[in-house]
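Numbering (the working numbering), first residue to last: 544 to 823. All residues carry an ideal CB built from backbone N, CA and C; glycine is no exception.
This is the structure in structure tokens:
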């Protein structure tokens with residue numbers, strides 16, 4: 544296994560190069576068909592697929608749908624809330640929020656293939672009227688000021704070198720009293736991290752800011768009531784069965800990538816965070 548330097552590193556790439564590499568890390572071609580084939584839903588008609596049927600492939604973050612539920616609980620999501628899913632992947636969280644809370648969701652992601660697949664899957668579950676997807680960056684959001692009740696971001700920040708820009712944009716698009724909820728894996732600094740990981744094959748595109756620095760960045764962006772709920776929410780269930788060797792959305796070597804993450808969390812090199820903050 545390769546080892547990488549800590550996340551406080553200075554990148555040798557500029558912002559556009561990093562985002563291009565991150566986008567290339569996700570979203571293999573013909574993704575929708577590959578996902579549906581894996582689920583045995585290739586012939587499914589629009590509006591006939593239950594949201595739950597997609598959980599095995601559309602919850603791309605550690606913890607699966609249980610983590611999504613925990614995030615919604617600590618964020619106190621309200622029915623009908625206006626939500627920005629910042630770094631939305633193939634839309635698993637967006638669909639869950641739209642289905643369970645009838646939220647209107649704007650979703651944005653760097654990967655064109657992810658965005659296309661997310662839109663396709665929305666049609667299959669009958670939620671295309673509640674969710675809008677677009678390609679873009681969480682550090683330069685194409686939305687007006689003060690239009691969202693909630694900014695939601697699941698395991699995205701490890702691919703974002705400029706946390707200050709991301710959090711400043713989240714603050715800008717939230718209404719006063721609005722909430723940001725974020726899951727993050729932060730490097731403790733105790734020892735180097737082994738690669739590959741689910742979000743990065745090498746340290747080049749991994750920016751797992753330390754927990755203290757992560758919380759401080761939210762405060763510096765103007766947020767108040769910054770809190771890490773990771774120790775107070777119900778524990779996530781252990782994975783069932785061996786990790787997959789590959790998945791349609793996340794690519795190859797997933798057994799090694801997940802094993803590296805599990806090992807680093809177990810020995811404290813990576814710290815799981817579930818954070819909320821309020822736009823004052």
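Contacting residues, own chain, Cβ-Cβ under 6 Å from residue 633 (five flanking each side not counted)
Translated into the one-based positions of the chain shown, residue 633 becomes position 90. Excluding positions up to five away in sequence, the list reads 601, 657, 660, 661, 792.
What are the uninterrupted segments assigned as alpha helix (DSSP H) that are 4 or more residues long and contained completely in the region 555-602, given in chain order?
558-568, 574-582, 598-601
Beta-carbon separation of residue 686 and residue 649 under 8 Å?
In the chain shown, counting from the first residue as 1, residue 686 sits at position 143. In the chain shown, counting from the first residue as 1, residue 649 sits at position 106. Going by C-beta atoms, residue 686 is nearer than 8 Å to residue 649.
Tell me whether residue 733 sits in a helix, a strand or coil according to DSSP, three-state version.
What you label residue 733 is simply residue 190 of the chain shown in a count that begins at 1. It is coil, neither helix nor strand.
Cα-Cα separation between residue 578 and residue 673, rounded to whole angstroms:
Position 35 of the chain shown, counting from 1, holds the residue named residue 578. Position 130 of the chain shown, counting from 1, holds the residue named residue 673. In a straight line, the C-alpha of residue 578 is about 22 Å away from that of residue 673.
On the criterion of 16 or more Cβ atoms from any shown chain inside 10 Å, does residue 818 qualify as buried, or is it exposed?
Within the chain shown, residue 818 is the residue found at index 275, counting from 1. Residue 818 should be labelled buried.
Could you check the C-alpha separation between residue 798 and residue 790 for me, to the nearest Å?
For the purposes of this step, residue 798 is taken as the residue at position 255 of the chain shown. For the purposes of this step, residue 790 is taken as the residue at position 247 of the chain shown. Rounded to whole angstroms, residue 798 to residue 790 spans 10 Å at the Cα level.
Among 776, 558, 588, whose alpha-carbon lies nearest the alpha-carbon of residue 664?
By 1-based counting over the chain shown, the position of residue 664 is 121. Checked all of 776, 558, 588; the closest Cα to residue 664 is 588.
Beta carbon of residue 562: closer than 7 Å to some heavy atom of the ligand SAM?
No copy of the ligand SAM occurs in the structure displayed, which carries no ligand at all.
Counted within 10 angstroms of its Cβ, other Cβ atoms place residue 801 as buried (16 or more) or exposed:
Residue numbering aside, residue 801 sits at position 258 when the chain shown is read from its first letter. Buried, by the Cβ-count rule.
Could you tell me which of 769, 764, 752 sits nearest to residue 814, measuring between CA atoms?
Residue 814 sits at position 271 when you count from the first residue of the chain shown. Answer by Cα proximity: 752.
Could you tell me whether the Cβ atoms of residue 693 and residue 724 are closer together than 8 Å?
Looking up residue 693 in the chain shown gives position 150. Looking up residue 724 in the chain shown gives position 181. Yes, Cβ-Cβ distance for residue 693 and residue 724 is below 8 Å.
C-alpha distance - residue 769 paired with residue 615, whole-angstrom precision
In the chain shown, counting from the first residue as 1, residue 769 sits at position 226. In the chain shown, counting from the first residue as 1, residue 615 sits at position 72. Distance between the alpha carbons of residue 769 and residue 615: 16 Å.
Ignore the nearest five residues each way along the sequence and tell me which others in residue 491's own chain have a CB closer than 6 Å to its CB.
The chain is shown only over 544 to 823; residue 491 falls outside these bounds and no answer can be derived.
Quick check: what's the CA-CA separation for residue 720 versus residue 822?
Position 177 of the chain shown, counted from the first residue, corresponds to residue 720. Position 279 of the chain shown, counted from the first residue, corresponds to residue 822. Rounded to the nearest angstrom, the two C-alpha atoms are 5 Å apart.
Reduced DSSP category for residue 711 - H, G, I as helix; E, B as strand; rest coil:
Here residue 711 refers to the residue found at position 168 when the chain shown is read from its first residue. In the structure shown, residue 711 sits in a helix (DSSP, three-state: H, G or I).
Could you check what DSSP says for residue 745 in three-state terms: helix, strand or coil?
Your numbering for residue 745 matches position 202 in the chain shown. Note: residue 745 maps to coil in three-state DSSP.
Classification of residue 713 by the beta-carbon crowding that lies within 10 angstroms, buried from 16 upward:
Along the chain shown, one-based indexing puts residue 713 at 170. Flag for residue 713 reads buried.
Round the Cβ separation of residue 598 and residue 590 to the nearest angstrom and send it over; I've been treating them as touching at under 8 Å.
Here residue 598 refers to the residue found at position 55 of the chain shown. Here residue 590 refers to the residue found at position 47 of the chain shown. Going by Cβ atoms, the distance from residue 598 to residue 590 rounds to 18 Å, so no, they are not a contact pair.
Could you check how far apart the C-beta atoms of residue 749 and residue 701 are, in whole angstroms? I think they sit under 8 Å.
The residue labelled residue 749 in the question sits at position 206 within the chain shown. The residue labelled residue 701 in the question sits at position 158 within the chain shown. Confirmed, about 6 Å.
CA nearest to the CA of residue 695, picked from 576, 629, 764, 771:
Position 152 of the chain shown holds residue 695. Nearest C-alpha to residue 695: 629.
Supposed contact pair residue 644 and residue 620 - C-beta distance, whole angstroms, cut 8 Å:
In the chain shown, counting from the first residue as 1, residue 620 sits at position 77. In the chain shown, counting from the first residue as 1, residue 644 sits at position 101. Yes, they are in contact, since the Cβ atoms of residue 620 and residue 644 sit about 5 Å apart, within 8 Å.
Can you tell me whether residue 790 is helix, strand or coil according to DSSP?
Within the chain shown, residue 790 is the residue found at index 247, counting from 1. Three-state result, residue 790: strand.
Using a 10 Å radius around the Cβ and a threshold of 16 neighbouring Cβ atoms, would you call residue 626 buried or exposed?
As a working note, residue 626 is residue 83 in the chain shown. That one is buried.
Let me check one thing: in DSSP terms, what residues is residue 691 bridge-paired to?
Residue 691 sits at position 148 when you count from the first residue of the chain shown. 717.
Enumerated in chain order, which unbroken segments of the beta strand (DSSP E) with a length of 3 residues or greater are wholly contained in the region 613-640?
625-629
Under three-state DSSP, which class holds residue 862?
The shown model of the chain, from 544 to 823, leaves out residue 862, and the question about it has no answer.
Go ahead and pull the three-state DSSP assignment for residue 727.
Against the chain shown, residue 727 aligns to sequence position 184. Residue 727: strand per DSSP, three-state reduction.
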